[in-house]
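Shown next, in structure tokens, is the structure this report addresses.
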Ligand SMILES: Nc1ncnc2c1ncn2[C@@H]1O[C@H](COP(=O)(O)OP(=O)(O)OP(=O)(O)O)[C@@H](O)[C@H]1O
Ligand SMILES: [Mg+2]
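Dropping the structure here:
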């Protein structure tokens, strides 16, 4: 999978997420960033599809973390939306470290909040272009787990 990819539609974003899911293992932490409406939740929907976990993946109004159990003996998906979280203390309250090891944990708006959970993480940034539905997804792997993720090369 290349480091930066342009995804023309929401459906493309979901299939990108499904492909990405094939690379995800229990213990993985994925941190999603990008502006409001960038497509973070849409990407998580694709990841959920690829992992074959129980849906639906929604944008939580009150619930901040939701566990989606596997439908096929795989790891559960823990989907977190940290948009409404104030800081470290509230992140601690979610007890994500308790589920981290056995789950795939994906955090929207997690930048600057959840890095302490793991030495390894996959950072995914989504950008939108003006006047277009297209989004650009950029991956950056941090730590030995993601050593083979091209993080400093624009193309591969
Ligand atoms: N190429 C694309 N990739 C992803 N979403 C797209 C694309 N084109 C259009 N969309 C639409 O943009 C919207 C993205 O909303 P989504 O909730 O996924 O964003 P978000 O980043 O999670 O927002 P929030 O910051 O509120 O959590 C959806 O309505 C989706 O259908
Ligand atoms: Mg969202």
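Numbering (my numbering), first residue to last: -8 to 147. All residues carry an ideal CB built from backbone N, CA and C; glycine is no exception. Every value quoted in this text rests on a predicted model; they were computed, and no experiment measured them.
Presumed contact (8 angstroms Cβ cut-off) between residue i and residue j, rounded CB distance
i	j	result
residue 42	residue 12	5 angstroms
residue 23	residue 99	5 angstroms
residue 17	residue 94	6 angstroms
residue 83	residue 51	Rounded, the Cβ-Cβ distance is 19 angstroms, inconsistent with contact.
Check: residue i C-beta below 7 angstroms from any heavy atom of ligand 2
i	result
residue 81	no
residue 50	yes
residue 154	Nothing can be reported for residue 154: it is not among the residues displayed for the chain, which extend from -8 to 147.
residue 99	yes
residue 72	yes
Any non-hydrogen atom of ligand 1 within 7 angstroms of residue i CB
i	result
residue 18	no
residue 134	no
residue 10	no
residue 127	no
C-alpha distance - residue i paired with residue j, whole-angstrom precision
i	j	result
residue 137	residue 123	31 angstroms
residue 145	residue 32	Low local confidence applies: a pLDDT of 42 at residue 145 is under 50, so the model's placement there is unreliable, with the coordinate-based value given in what follows. C-alpha separation (whole angstroms): 24 angstroms.
residue 147	residue -4	Confidence at residue 147 is low in this model, with a pLDDT of 40, below 50, so the placement of that residue is unreliable and no value is reported for it.
residue 49	residue 134	29 angstroms
residue 91	residue 97	10 angstroms
residue 128	residue 118	7 angstroms
residue 15	residue -6	16 angstroms
residue 85	residue 56	7 angstroms
residue 81	residue -1	35 angstroms
Residue i classed as buried or exposed, judged by whether at least 16 other C-beta atoms fall within 10 angstroms
i	result
residue 101	buried
residue -8	Its pLDDT being 48, under 50, residue -8 is placed unreliably by the model, and the measurement read from it follows with that caveat. The residue in question, residue -8, is exposed, as its Cβ has fewer than 16 Cβ neighbours within 10 Å.
residue 66	buried
residue 44	buried
residue 74	exposed
residue 114	buried
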